[in-house]
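Take 1 as the starting number for the sequence shown in full-length UniProt numbering and just add one per residue.
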Amino acid sequence: MCGIAGIWQPRVGGAPLSEGTLQCGLDAIRHRGPDGQGIYQQPGVLLGMRRLAIIDLSGGDQPIFNEDGRLAVVFNGEIYNYKELTAGLKSRGHTFKTTSDTEVLVHLFEEQGPALVDELRGMFAFALHDRHKHELLLARDRFGKKPLYYTWGEGGELLFASELKALRAMARARGVEFSLNEQGLYDYLSLGSVPQPSTIFQGVYALPPGSWMRVTEQGHEIGRYWQLDFQPKLTLSYEEAQARTRELVAEAVRLRLRSDVPLGVFLSGGVDSSVVAYEAAQVLGGELNTFTVALGDRQFDESAVAARTAKRLGVRSTLLALEVSALSGLQELVRAYDQPFADPSAIPSLGIARLAREHVKVVLNGDGGDEVFGGYRRYVAASRAAAFDRLPRALFARAADLLGAETRPRRSPIGFAARFARGLTLPPGERYLAWTNDTLREADKRQYWRGTPQLPTEHRIEALLHPGLTGLDRQIDADVQVNLLSGLLVKMDIATMSHSLEARSPLLDHKVAEFAARLPAAYRVRGPRPKAVLRDAYRGRLPEEVLSGAKRGFEIPLQRWLEHDLRELLHDLLGDPQAEVRRWLDPAFVDGLLRRERLSDRNWAYIVYALLTLELWLRESR
1 MCGIAGIWQP RVGGAPLSEG TLQCGLDAIR HRGPDGQGIY QQPGVLLGMR
51 RLAIIDLSGG DQPIFNEDGR LAVVFNGEIY NYKELTAGLK SRGHTFKTTS
101 DTEVLVHLFE EQGPALVDEL RGMFAFALHD RHKHELLLAR DRFGKKPLYY
151 TWGEGGELLF ASELKALRAM ARARGVEFSL NEQGLYDYLS LGSVPQPSTI
201 FQGVYALPPG SWMRVTEQGH EIGRYWQLDF QPKLTLSYEE AQARTRELVA
251 EAVRLRLRSD VPLGVFLSGG VDSSVVAYEA AQVLGGELNT FTVALGDRQF
301 DESAVAARTA KRLGVRSTLL ALEVSALSGL QELVRAYDQP FADPSAIPSL
351 GIARLAREHV KVVLNGDGGD EVFGGYRRYV AASRAAAFDR LPRALFARAA
401 DLLGAETRPR RSPIGFAARF ARGLTLPPGE RYLAWTNDTL READKRQYWR
451 GTPQLPTEHR IEALLHPGLT GLDRQIDADV QVNLLSGLLV KMDIATMSHS
501 LEARSPLLDH KVAEFAARLP AAYRVRGPRP KAVLRDAYRG RLPEEVLSGA
551 KRGFEIPLQR WLEHDLRELL HDLLGDPQAE VRRWLDPAFV DGLLRRERLS
601 DRNWAYIVYA LLTLELWLRE SR
């Protein structure tokens, strides 16, 4: 696990490359790799990396080369099936100089070129240079767990890095400042994050997940090598689906236990992390270390359930007492995240990563289980939508009004029913936002936005959706491409790597996800039960209180914070006539939020928090 950065330019006509420029980028992401640094330089190219040593501690320093030194690679991530790939490559005559997972990349490229990514099972972002052809290959893993950003300079020059702060540092070393991308800001107001491949900066992009970019003297091309397919559906019994689920999850966990440094499992009271801990315990037994967060607020604390799970599994359990300060937590978030990010759980995520790093370098988690196996309440709504779509939309509009869709807290039972009814009246993009997000709707933004007109966010979502999908599959597809990619995965990557901690997500193994996506919808959501096949696959193996317990996220007492701990800061910042957000939103709307007494209505607390986070980020990023 590392951070990478680099510069590529055509050999003819480019400005001389400065190692100092690259070093500015590497210094900005030292937290991603405190164990060492490597730099590769050839005419027209500079590649660099910061290393967090996990595999082959003594021999895995990068860059890594093929046998004749023609190919060089810098790499961020883990290739979990590297041992199997190495054995195959050696049998075909390749010579290895290390036992690192990184080295398989150059040897596979010798055989397959960009198609090498099809062989990889893992999380990764890498840059591979062919010095004979002066070609650069950038690639990113299937779900986009590992980030990779890029921008184009004068004369066809390319700058890339694992984090925007590194990219920005390299640009500033050249005297270039990034400008704000209004569309990214506009989308943030609806999504709480900036949807990839866009970023908050104009002309700066994320390489899409499941994609590679090939850069040559003649230009560049981007190829998509993978996407999650939901068809054709598998024909197997529900019992067979459970057995196959256990087989695939067990294999995914086993591969992710490969490490030359201590590792553990984040264990909450939920299904997903408990499944991962169960399968890890089958391999490591009582030697497995699990880490559970103890929050001071009982409303959000699952530590007692997790402790009972760990005892039943017979594994080591470490309780990490997390005291989260509203002000310091918010300040840390704004410093760590390269873009405005409104998920409140990012604050405790940063805290638990800091505490876990005191014990291990690698943690496994349950991320992705909800998206892959259908674990959110909205998936129950999506699975039933087809039956209601034949009825008049006016009927549901009336129901939404009667239920108080505009005022009910989103997570209350009545609020959920109101959102479900309102969503049934809307086209796909708007329905997704109505069922998924807590921030401003398009009607709000049209009324209060002060910037130049932007493309509606729901249109951008609709453009991402794969044609032909309906119901549950369409909702999961949208979540994978929007909330998972630009929300959950960004949150976990930044939170853990800010503290030099590697996080692995077995439930986002692409073989697990491919299988789950092709299961009949009724296997994933059975009646009112979301994530049914995963729960039932581990019935009798995990405590019933875990399998049947209510879903609770990793949250903070947001409303209380805004009304008490952060109240003074909130009014000082957003109430300031010179506040940055007032350049983009009607000041009267902002003032109205500050005067609002009931932040629980329509989940106004989340909207206020999103604007507070945005204001802090805009000031920090000047």
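Beta carbons: idealized from backbone N, C-alpha and C, even for Gly.
Within its own chain, the residues whose Cβ lies closer than 6 Å to the Cβ of Tyr-188, once the five positions on either side in sequence are excluded, are Val-194, Pro-340, listed in chain order. Just measuring C-alpha positions, the residue of Arg-254, Val-305, Ser-274 sitting nearest Leu-284 is Arg-254.
When Pro-63, Phe-143, Ala-336, Thr-95 are compared, the shortest CA-CA separation from Leu-485 is found for Phe-143. Judged by DSSP in its simplified three-state form, Asn-603 adopts helix. For the pair of segments examined, the stretch 247-266 was found to touch the stretch 364-382: the number of CB pairs separated by less than 8 Å reaches three. Judged by beta-carbon spacing, Ile-556 lies within the 9 Å limit of Gly-329, meaning their Cβ atoms are closer than that value. In chain order, Pro-262, Gly-264, Asn-289, Phe-291, Thr-318 place their CB closer than 8 Å to the CB of His-359, counting only its own chain and leaving out the 5 sequence neighbours on each side. Beta-bridge annotation (DSSP): Ala-321 is paired with Ala-294.
The Cβ-Cβ distance between Leu-128 and Leu-105 falls below 9 Å.
Between the C-alpha atoms of Val-276 and Val-249 there is a straight-line separation of about 8 Å.
Bounds of the beta strand (DSSP E) holding Leu-364 are 362-364. Residue pairing by DSSP places Ser-211 opposite Arg-224 in a beta bridge. Contact between Glu-157 and Thr-216 does not hold, since their C-beta atoms are separated by about 14 Å, which reaches or exceeds 8 Å. Assignment of Asn-483 by DSSP, reduced to helix, strand and coil, places it in the helix class. The beta-carbon distance between Val-324 and Pro-344, rounded to whole angstroms, is 10 Å. This is too long to meet the 8 Å contact definition. If you check the CB distance, Leu-148 and Val-482 do not come in under 9 Å. Using a Cβ-Cβ distance cut-off of 8 Å, the stretch 17-29 and the stretch 164-175 are in contact, since at least three pairs of beta carbons, one from each stretch, lie closer than that value. Shown here, His-94 sits in coil according to DSSP, grouped into three states, outside any helix or strand. For Leu-263, the secondary structure class from DSSP, reduced to helix, strand or coil, is strand. Of all C-beta pairs linking the stretch 43-63 to the stretch 86-105, three or more are shorter than 8 Å, placing the two stretches in contact.
Annotation: Gln-41 is outside any alpha helix (DSSP H); the continuous beta strand (DSSP E) that includes it extends over 36-42. Ala-173 and Ser-18 have their C-alpha atoms roughly 10 Å apart. The continuous alpha helix (DSSP H) containing Thr-436 extends over residues 428-436. Glu-119 is a Cβ neighbour of Leu-85, given a cutoff of 9 Å.
Looking at the backbone, the Cα of Leu-234 and that of Leu-611 are separated by about 45 Å. Under the three-state reduction of DSSP output, Ile-476 falls in the helix class. Cβ-Cβ distances below 7 Å link Phe-373 to Ala-516, Arg-524, Lys-531, Val-533, Leu-534 in the same chain, with the five nearest sequence neighbours on each side left out; the list follows chain order.
Within the model, the alpha-carbon separation for Glu-177 versus Lys-165 is close to 12 Å. Scanning its chain for C-beta atoms nearer than 7 Å, with the 5 sequence neighbours on each side dropped, one finds around Glu-332 the residues Leu-350, in chain order. In this structure, the straight-line span from the alpha carbon of Gly-3 to that of Ser-505 is close to 19 Å. Considering only Glu-615, Glu-371, Arg-541, Gly-592, the residue with the shortest C-alpha distance to Leu-573 is Glu-615. Listed as beta-bridge partners of His-129 by DSSP are Ala-72, Leu-136. Excluding five sequence positions before and after Leu-116, the CB atoms of its chain that fall closer than 7 Å to its own CB belong to Leu-105, Leu-108, Phe-109, given in chain order.
In the three-state reduction of the DSSP assignment, Glu-458 falls in the helix class, which pools H, G and I. Rounded to whole angstroms, the separation of the alpha carbons of Ala-294 and Tyr-82 is 36 Å.
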